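See structure below.
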Amino acid sequence: MKVNFRLIFRLAIHVTLSLVLVVVLINVELYVLTEWLLPQSGDRQDAFVLNGMLFIILFFILFLGWTIGKPLFYIIGWINQLASGIYVRPDHHRKIYARNKKKLKRPYHLYKELIVQLHTLADVLETSKQARIRSDNMQKEWIAGISHDLKTPLTYIKGYSSMLLTPHYDWNTEEKRKFLMEIEHKADHMQELIGDLNLSFRMDDQQLPLKLESTDLVEYVKRIMVDVANDPRAVGYHLSFETDEPFMEKLLDIKLLGRALHNLLLNAILHNPAGTKVHIQISRTTHLNIRITDDGIGMDEESLEGLFNKYYRGTTTDSRSEGTGLGMAIAKQLVLAHGGDIHVTSTVNVGTSITVMLPQ
């Protein structure tokens, strides 16, 4: 803890002035008693004894005041440290405890509740500070990743456009069609990235009214699964479907919830090796449950905790894992907007299970 010399100087001045004032008052009282009120020598002797006792009492009071004030000095210094943004405990924190390091020393015991609350406050502030630092670092990495993801397709688009426009070579029809298909693919990818960003910011500002309509949840989820299965990136993966009931009517926003389920299913494809089995099951309990289970690589604790974080892009370096890192965060926000929730369990090298729970 940084020593507050100004505070120490002020306390020293107050103590010194208090002692001087006490000495002056005692001498004035002694003079009045011995010269005016008690002129006899015997009376003077009694006055000296009386004043000696008074001096001892006053000295004891000052000592007691310092004993009580010492913990206050410690607490004020700690509060000043917290106000300065330093949330660790003071350097001489251990000195306020007895040898067993469990009980406070007697002068500090009076302020036990306050010291405990300061401990809690310091721990909460330090935890919040570290979380903010991690979030800031993740946000910087996320922005760098977004910049890279936007720059990469732009590079392809510019490169293929320059090749088509070059006067030095006459491209045939098939070559032109191939170049244009690549340009269209990269443009679609950029459009998807920008759409994710726009949707995420709109949800942050709560500008996303749902357009609810009655839908058969079973048929609805089945169509989404078929759409993902037809994606070229899903080649080599095994998707299966199961339902406890053939028909489940539900009010939902077809476009937005479909976006969430599509993101969850595609995530199971992009982050697992070919040959992974992805199973979708619909059941009814206290909620309408959509469970997506895979037998892929699974996730560790860190990845699981950051899965739905807006700025978390995972630890994979697989080039197939394109995207903003917003897909899972958007999926959860869209499910929450429907009054539901998402529960995830995962084990490394065993697989992952994601359950979307919607109110009935």
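Residue 147 in the UniProt record's numbering sits at position 147 of the sequence shown, with consecutive numbering throughout.
Glycine included, C-beta positions come from ideal geometry on N, C-alpha and C.
This structure is a prediction, so every number in the text was calculated from the model and none was measured.
The Cβ atoms of L334 and A260 sit closer than 8 angstroms to each other. When secondary structure is reduced to three states using DSSP, T285 falls in the coil class, being assigned neither helix nor strand. Here Y87 carries a coil assignment [DSSP, helix/strand/coil]. Using a C-beta cut-off of 8 angstroms, the stretch 188-208 makes no contact with the stretch 220-230, since fewer than three inter-stretch Cβ pairs fall below that distance.
Just so you know, the alpha carbons of E182 and M357 end up roughly 39 angstroms apart.
Buried is the label assigned to T352, since at least 16 other Cβ atoms lie within 10 Å of its Cβ. Under the DSSP assignment, G351 falls in the beta strand (DSSP E) whose first and last residues are G351 to P359.
Under the Cβ criterion (8 angstroms, minimum of three pairs), the stretch 182-193 does not count as touching the stretch 230-242. Boundaries of the alpha helix (DSSP H) around H262: I254 to L270. Under DSSP, the beta-bridge partners assigned to H279 are S240 and T293. No Cβ-Cβ contact shorter than 8 angstroms links V344 with G298.
Between the alpha carbons of K178 and G85 lies a gap of roughly 59 angstroms. Within the same chain, Cβ atoms closer than 6 angstroms to the Cβ of Q281 are found at E242 and R291, the five residues on either side in sequence being excluded.
Cβ neighbours of Y111 within its own chain (closer than 6 angstroms, five residues either side excluded): P71. The beta carbon of N289 lies closer than 6 angstroms to those of S283, T355 and M357 in the same chain, with the five residues before and after it left out. The residues L239, F241, L265 and I280, in chain order, have a CB closer than 7 angstroms to that of M225 in the same chain once the five nearest residues on each side in sequence are set aside. According to DSSP, residue pairing for K250 in a beta bridge involves T215.
Each residue's CA atom was taken as its position, placing D295 and Y108 some 58 angstroms apart. Note that the C-beta distance between E249 and S214 is below 8 angstroms.
Of the residues assessed, V348 falls on the exposed side of the cut-off, its CB having fewer than 16 other CB atoms within 10 angstroms. For V335, the enclosing alpha helix (DSSP H) has its first and last residue at G327 to A337. Residue pairing for L104: DSSP places it in a beta bridge opposite Y97. Linking L121 to G159 through their CA atoms gives a straight-line distance of about 57 angstroms.
Restricting attention to N137, I75, I133 and Y87, the CA atom closest to the CA of L114 is found in I75. About 20 angstroms separates the Cβ atoms of D253 and L197, ruling out a contact at the 8 angstroms cut-off.
Looking only at Q360, L193 and V228, the smallest Cα-Cα distance to T152 is reached by L193. Judged by DSSP in its simplified three-state form, D341 adopts strand. As DSSP reads the structure, T120 sits in no beta bridge.
For T347, the three-state secondary structure derived from DSSP is strand. By the neighbour-count criterion, in which a residue is buried when 16 or more other Cβ atoms sit within 10 angstroms of its Cβ, S346 is buried.
Distance from the Cα of I342 is smallest, within the candidate group S303, E302, D300 and H287, for H287. Classified as buried, I269 has 16 or more neighbouring CB atoms from the shown chains inside 10 Å of its CB. For the 8 angstroms CB-CB criterion, N263 and I330 form a contact. When the Cα atoms are used, E245 and Q130 turn out to be separated by approximately 47 angstroms.
Residue state for W78 is assigned as helix, using DSSP reduced to three classes. G77 and K95 have their alpha carbons spaced roughly 15 angstroms apart.
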